[in-house]
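*Asks:* 171 is the number of the first residue of the first sequence in the working numbering; add one for each residue after it.
Input: one structure, supplied below.
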Amino acid sequence: MAKEKKQVEQITDMEVDFAKWYTDVCTKAELIDYTSTKGMFILRPYGYAIWENIQKELDARFKETGHVNVAMPMLIPESLLQKEKDHVEGFAPECAWVTHGGSEKLEERLCVRPTSETLFCDHWSHIVHSWRDLPLLYNQWCSVLRWEKTSRPFLRHREFLWQEGHTLHATAEEAIAETEQQLETYADLCENVLAMPVVRGQKTDKEKFAGAERTYTIECMMHDRKALQGGTSHYFGDGFAKAFDISYTDKENKLQAPHETSWGLSTRIIGGLIMTHGDNRGLVLPPRIAPTQAVVIPVAMHKEGVLAAAEGLYERLKTAGIRVKIDDSEQSMGWKAAEYEMKGVPLRVEIGPKDMEKEQCCICRRDSGEKVFVPLTELETEVVRLLEEVHKGLYERAAKNLADHTYPAFSLEEAKQIQEEKGGFIKTMWCGELQCELDMKEKAGMTSRCIPFVQEHLADTCPICGKPAKHMIYWGVAY
RNA sequence: CCGGGUGUGGCCCAGUUGGUAGGGCACCUGGUUUGGGACCAGGACGCCGCGAGUUCGAGUCUCGCCACUCGGACCA
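Written out as structure tokens, the structure is:
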């Protein structure tokens, strides 16, 4: 009979309590820690390493498309924030204010940036004069502050890390193309790096960004079938330009207002990553983002030659460009296996005396738990192949979850029933009226997620009010 | 901001009608182990969330506050 195992770092099963499972993974996988500052979190080295990899992937894509990085101030004078009416109304309730410098009260209080549109616009009003100055394709990596009432690791921090892109264009067409291009960059990151399938679409007027003319979004589905907004891209038209007096002289010597965009993706996506791929053993990381892609574990390490053999595998994988670690600590085999499962390391490479005799090693996949024995001669090719397989496996599993839990509905009652019984995305036709969104929220507890770019014709009328339908829309319960 | 729950070594928790704090894990030392969360022996670690009050005496009772957490509202 097997001896009862000590569950040193056991986590709550997601079926028992999804929210508890989530915070357990965040803390036990050493991604995050709580701090003495309410609502603010520490990204521990392992959590920050994931963010660094996301940064690396995104930053390269931004630069390929001609964007440059800048650094704006952290503080915004109140008068500047107030120049655009919708924008200030949207953000004022969650701004934190600096009122004193040392012991002196400031003449004008300063807002800790919740987002930096106003700073970019103020700057641009000084430097833009001619059509030759456009476009301006700026991005900044920074943290922003929003005084949230409740917080959760990654999903809602009072201070969070993100990137905010801000661009200025001569024409609306160009700005809209930029908005769409950047949304597609986010979708590419999600699908091809994070193995997260997304629904691309446009936000309704109710859900769009404060001050934007249009907001595009990518929507992801979590294990608990709730929705998570993965990234947003906004088209502002020339509203901000006019509010901030940004103008340029065009080729015909006419004064014009330029068109603006902004787009952002935050550490929140890491929360999405956890809730998309994680399981009851802990974190599961897609290989392209995993700080450690493979861990080499010597088995029966005290036996002659085992450690040297393991070190050999480690060196070979490192040379092959794999992000690899070796664990030659005194912990037991079982402890190490559980530890790297908790940390979500995609592949575990084990080698012991029996493997050495057969000139093989054992590779265990984190996503499926499947173990394969690999001849030592094929180590590098097999690891590379398996990492690809893990990525595909994770993507397909998540895509199936998304597809299996997206349901058409033809009445508010039906939509409500599906949400209560199954959760997920519910797609219906929609008339375009705010009142129907409010009704859906009040009666079925759902908000609109997006009007997908890929439309289907489900019916002729809006199921909520019965008027002629304008779009097919996705509804869901969101994080 | 509104409701519910929880605050006791690093973590999880026990603590009787109020009597001056305990266990498991983790940590440190030594030894034995090592193919899925090892074992033995020893050691160190506490402003019992904070502040008032009741009492001879408060982890325990009362009030206030704070933090975390789960729902809701609001929001990336």
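Beta carbons: idealized from backbone N, C-alpha and C, even for Gly.
Name the two residues that bound the continuous beta strand (DSSP E) containing A464.
*Replies:* 464 to 468
*Asks:* Is it the case that the Cβ atoms of P428 and H296 are separated by a distance below 8 Å?
*Replies:* no
*Asks:* Please go through the same chain and pick out, in chain order, the residues whose beta-carbon is closer than 6 Å to the beta-carbon of Q625, but skip the five residues on each side of it.
*Replies:* M642
*Asks:* Can you list the alpha helix (DSSP H) stretches of 4 or more residues lying completely in the region 547 to 589, in chain order?
*Replies:* 549 to 574
*Asks:* Between the Cα of E185 and those of R451, L517, K597, V519, spot the shortest distance and give me the residue it belongs to.
*Replies:* It is R451 whose Cα lies nearest to the Cα of E185.
*Asks:* Quick one: measure Cβ to Cβ for M610 and L582, integer angstroms, because I've assumed they're closer than 8 Å.
*Replies:* 7 Å
*Asks:* Using C-beta distances below 8 Å, list every residue in its chain close to F623, excluding the 5 sequence neighbours before and after it, in chain order.
*Replies:* R370, G371, Q372
*Asks:* Please report the residue range of the alpha helix (DSSP H) in which P284 lies.
*Replies:* Careful: P284 lies outside any alpha helix (DSSP H) and carries neither H nor E.
*Asks:* Taking the CB atoms as reference points, tell me whether W332 and C265 lie closer together than 8 Å.
*Replies:* For the pair W332 and C265, the CB atoms are not nearer than the 8 Å cut-off.
*Asks:* Under the DSSP definition of a beta bridge, which residues are partnered with R535?
*Replies:* L517
*Asks:* Quick check on R518: buried or exposed, where buried means 16 or more other Cβ atoms within 10 Å of its Cβ?
*Replies:* buried
*Asks:* Let me know the secondary structure DSSP gives G482 once reduced to three states.
*Replies:* helix
*Asks:* Do the region 349 to 362 and the region 295 to 315 touch if we need at least three Cβ pairs shorter than 8 Å?
*Replies:* no
*Asks:* Within the chosen definition, does the region 441 to 456 reach the region 390 to 398 through at least 3 CB pairs nearer than 8 Å?
*Replies:* yes
*Asks:* DSSP state of Q625, grouped into three classes?
*Replies:* coil
*Asks:* Just to confirm my understanding: we take D358, look at its own chain, exclude 5 residues before and 5 after, and list those with CB closer than 8 Å. What are they?
*Replies:* R231
*Asks:* Please find out if some non-hydrogen atom of the ligand SAM comes closer than 7 Å to the beta-carbon of T547.
*Replies:* With respect to the ligand SAM, the structure shown offers nothing to examine, as it has no ligands at all.
*Asks:* What residue range does the alpha helix (DSSP H) around W600 cover?
*Replies:* If you look at W600, you'll find it isn't in any alpha helix (DSSP H); it sits in the beta strand (DSSP E) that goes 595 to 600.
*Asks:* Measuring alpha carbon to alpha carbon, tell me which of G475, M503, V554 ends up nearest P523.
*Replies:* G475
*Asks:* Tell me the residue span of the alpha helix (DSSP H) that contains C196.
*Replies:* Its alpha helix (DSSP H) spans residues 188 to 198.
*Asks:* Assuming contact is defined by CB atoms lying nearer than 8 Å, are P638 and T598 in contact in what I supplied?
*Replies:* no
*Asks:* Can you name the residues that DSSP bridges to H404?
*Replies:* T385, S432
*Asks:* By Cβ distance below 8 Å, which residues in the same chain neighbour D630 in space, the five residues on each side in sequence not counted?
*Replies:* M599, P638, A639
*Asks:* Along the chain, where does the alpha helix (DSSP H) containing A644 start, and where does it finish?
*Replies:* The question names Ala, but residue 644 in the sequence shown is Tyr. First-last for Y644: 641 to 646, but that is the beta strand (DSSP E), not the alpha helix (DSSP H).
*Asks:* DSSP state of H327, grouped into three classes?
*Replies:* For H327, the secondary structure class from DSSP, reduced to helix, strand or coil, is coil.
*Asks:* Given L251, which residues of its chain have a CB within under 6 Å of its CB, disregarding the five upstream and five downstream residues?
*Replies:* V258, C281, T288
*Asks:* If you follow the alpha helix (DSSP H) that Y510 is part of, which residue opens it and which one closes it?
*Replies:* Counting along the chain, the alpha helix (DSSP H) containing Y510 begins and ends at 503 to 512.
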